[in-house]
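Asker: Below: one structure in structure tokens.
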Amino acid sequence: MDWSGAITNGIISALGPVAIAYAVSAIGLNLQFGFTGLLNFGHVAFMMVGAYGTAATVEAGGSLWLGIGVGILAAVVLGLLLGLPTLRLRADYLAITTIAAAETLRLLVRSPVTRSVTGGVFGIQGFAEEFHALNPFGASTGYAIGPLVVSGRRLFVMIVGWTVVLILALIVRRLVKSPWGRLLKAIREDEDATRSLGKNVFVAKLQALALGGALASVGGVLLAIEQQNVSPDSFLPQVTFIIYVVVILGGAGTIWGPMLGAVIFQFFFYFVDSVMRQAQANVSWVGAILDSAGAAQIRFVLVGLGLMALLVFRPQGMLGSRREALVDG
Amino acid sequence: MADGAAALTGVAPRPGVAKPDPILVVEGVTRSFGGLQAVDVSHLEVQRNTVTALIGPNGAGKTTLFNLLTGFDQADSGSWSLNGGPIVGIPAYQVARRGMVRTFQLTRALPRLTVLDNVVLADPHNPGESLWRALIGGWRRGEEEATVKAKALLERFGLEHMADEYAGSLSGGQRKLLELARAMMVEPELIMLDEPMAGINPALTQQLLTHITGLRDEGKTVIFVEHDMDVVQEISDWVVVLAEGQVIAEGTPSSIAGNPDVIEAYLGAHRGKAVEDE
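Going line by line, the protein sequences match chains A and B.
For what it's worth, the numbering used here labels the leading residue of the first sequence as -12, then goes sequentially.
For what it's worth, the numbering used here labels the leading residue of the second sequence as 73, then goes sequentially.
Written out as structure tokens, the structure reads:
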């Protein structure tokens, strides 16, 4: 069994573009769910809107940079559209509306009706040349960072991506440590009590939803740029729940939790993947009970078990405060 | 005795009577839930700078009336005004900003905020609560002023030693005190307390009563819902009795105690039955 290979695979994924996209999106969801208590079950829609806004703008003749602006703005608009009718209602209405809106939007993007703009089931490819043209590294040269070897293309995405993650995390940190952040937490704790103290709860919730959506769209944009590809089937509802796992794993309502959660999630997922593939091929009794497809699926089972163990032994997540988790209402 | 209370000496003890200087005037307010007429108040005035008790049997509509007046529920009809300005149909948070702050029957501390943050939050002038200012900065001074104000209130209500604890770790009585401090932070003129003594041990009751009369003595108006007649007799300047949604009697505490309508409302309707919760 090649353990160091499995660990290397895990680390490469943990620092890679998908982890970056998860981290940014999780920072957005954490603002909504962790700090404000909003149950947004359609987070993937914000990522999709960001990615498609970028790709479709370039496809229509705009520059990539304009496209990124369009993508982020579209996510803010989506947040306002979803929030305006539902945020006055009970929390569960937001959950139902967002999950339905996300799936509706994905099917719309996928349908023949919008094909001229979105490319239908095929999506849009090759729209991020302007970004990759800025790469100072040799795109296909391999660069060694310790035991890891990554291509210049990937290295550039990683550097830009993590820089963006860090900047956004610092901005969110500034916001949640302000009186505005305290207002969000107060809403999470008790909306009516906050209202009774003269606070405009509706506007604060709307701000959190739109801002969190904008952050998620940046995650979608980064992933789309790296892959040079957007397609409707990369924005399935389970992506939302992966982001929830990332937020809860790292610690909901903490500042660095979403970043740490994304790294740990991706590491664990690909480490287990690597181990299971090797075991399936090389260990006879594992090979006897699992085919290769089964070995790939077992990752999800193990991630689920890991999450259950976390919730039992560390319900506040990696970075959450135990003291806070034990406070009763 | 406060000035407001002194002005009540000549006022006739009958339902809907006009007061010399009303802060709150309620006119024809109704609210029904299905077939049940929960509130049907034809006229009610609350004298400024008094402690006014709102009493009545369970299900009389006291909490519903509170919810209507503070914008937490919507009336079917009627109007009411604070300081002469109508406040019908405006959102709850604006009612609070105009000077009418309420507390809840079940205390609503914000458990995972510290005690100090609970109070600082209630400051109506904190510039950092705008998203834009939170981003660009320049709110520290407002926050410091709010913190000084909040600490003074915590001291007044005897919670300064708990300032940095989570509000969720306070006892029931301490939560009541926290709610009072928080309400005061909003700088209200009229404070509406929904059963401030519920579930409080007798030692703390006396402390709470002193705080409530203290609010009046510094010029505020207090309306509170209460079941304990001893408490009502002790601190209120005026008593309003609600039964089946209507004001059936009002007057000074001593005039209410012997009122046959009140005794009928309390005992007649429920005689021999177990008392159930609202």
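Yeah, the Cβ is synthetic: ideal placement off N, Cα and C, and Gly gets one too.
1. Starting from residue 84 (chain A) and walking both ways along the beta strand (DSSP E), at which residues does that stretch end?
2. Is residue 101 (chain B) near residue 90 (chain B), with beta carbons less than 9 Å apart?
3. Could you tell me whether the Cβ of residue 108 (chain A) comes closer than 9 Å to any Cβ of chain B?
4. Contact between the segment 189 to 206 of chain A and the segment 57 to 67 of chain A: three or more CB pairs below 8 Å?
5. Grab me the residues of residue 329 (chain B)'s own chain with a C-beta within less than 8 Å of its C-beta, minus the 5 sequence neighbours each way, in chain order.
6. Are the CB atoms of residue 298 (chain A) and residue 212 (chain A) within a distance shorter than 9 Å?
7. For a cutoff of 9 Å on Cβ pairs, would you count residue 227 (chain B) as touching chain A?
8. Near residue 25 (chain A), which residues of its chain fall below 7 Å by C-beta distance, leaving aside the five closest residues on each side in sequence?
9. Output the residue ranges of the beta strand (DSSP E) runs that lie fully inside the segment 129 to 154 of chain B and measure 3 residues or longer, sorted by chain position.
10. Please list, in chain order, the residues of the segment 44 to 64 of chain A that have any C-beta partner in chain E closer than 9 Å.
11. In chain order, what residues of the same chain lie with their CB nearer than 6 Å to the CB of residue -12 (chain A), ignoring the 5 residues before and after it?
12. Looking only at its chain, what residues have a beta carbon closer than 7 Å to the beta carbon of residue 269 (chain B), apart from the 5 residues adjacent to it on each side?
13. Provide the residue span of the alpha helix (DSSP H) that contains residue 257 (chain A), from first to last.
14. Any beta-carbon of chain A closer than 9 Å to the one on residue 192 (chain B)?
15. Pick out the complete beta strand (DSSP E) segments inside the segment 241 to 304 of chain B, 3 residues or longer, and give them in chain order.
16. Could you tell me how far apart the beta carbons of residue 160 (chain A) and residue 242 (chain A) are, in whole angstroms, since I believe they sit closer than 8 Å?
17. Chain B beta carbons: is any one of them nearer than 9 Å to that of residue 166 (chain A)?
18. Does any residue of chain A bring its CB to less than 9 Å from the CB of residue 206 (chain B)?
19. Would you kindly report the start and end of the unbroken alpha helix (DSSP H) that includes residue 119 (chain A)?
20. Give the single residue among A:32, A:182, A:-2 whose Cα lies nearest to the Cα of residue 208 (chain A).
21. Check the Cβ of residue 144 (chain B) against every Cβ in chain A and list those closer than 9 Å, keeping chain order.
22. Have a look at A:277, A:226, A:248 and flag the residue whose alpha-carbon is nearest the alpha-carbon of residue 303 (chain A).
23. Could you confirm whether any beta carbon from chain A is found closer than 9 Å to the beta carbon of residue 120 (chain B)?
24. Could you check the C-alpha separation between residue 125 (chain B) and residue 314 (chain B) for me, to the nearest Å?
25. Under 8 Å Cβ to Cβ from residue 79 (chain B), same chain only, skipping five residues before and after it: list those, please.
26. Can you have a look at residue 167 (chain A) and say buried or exposed, based on whether 16 or more other CB atoms are within 10 angstroms of its CB?
27. So what does DSSP say about residue 197 (chain B), is it helix, strand or coil?
28. How about residue 175 (chain B): is its C-beta nearer than 9 Å to some C-beta of chain A?
29. Give the single residue among A:104, A:223, A:216, A:53 whose Cα lies nearest to the Cα of residue 93 (chain A).
30. Less than 6 Å between C-beta atoms, sequence neighbours within five positions excluded: which residues of the same chain meet that for residue 178 (chain A)?
31. In the DSSP output, what is residue 132 (chain A) paired with across the bridge?
32. I believe residue 214 (chain B) touches residue 200 (chain B) by the beta-carbon criterion, under 8 Å. Please report the beta-carbon distance rounded to the nearest angstrom.
33. Strictly by DSSP, which residues pair up with residue 216 (chain A)?
34. Given that residue 314 (chain A) touches chain B, what residues does it touch there, using C-beta distances under 9 Å?
35. Short of 7 Å in beta carbon distance, which residues of its chain neighbour residue 114 (chain B), apart from the five on each side in sequence? Order them along the chain.
36. How about residue 77 (chain A): is its C-beta nearer than 9 Å to some C-beta of chain B?
Answerer: For this structure:
1. Per DSSP, residue 84 (chain A) belongs to no beta strand (DSSP E); it is in the alpha helix (DSSP H), 78 to 97.
2. no
3. no
4. yes
5. 301, 305
6. no
7. no
8. 19, 81, 192, 195, 196
9. 149 to 154
10. Absent from the structure: chain E. Protein chains present are A and B.
11. 265
12. 277, 280, 298, 300, 303
13. 244 to 269
14. yes
15. 262 to 266, 293 to 297
16. 5 Å
17. yes
18. yes
19. 116 to 119
20. A:32
21. 179, 182, 183
22. A:248
23. no
24. 10 Å
25. 91, 92, 93, 119
26. buried
27. coil
28. yes
29. A:223
30. 188
31. A:135
32. 6 Å
33. A:112
34. 183, 184, 238, 239, 240, 241
35. 88, 100
36. no
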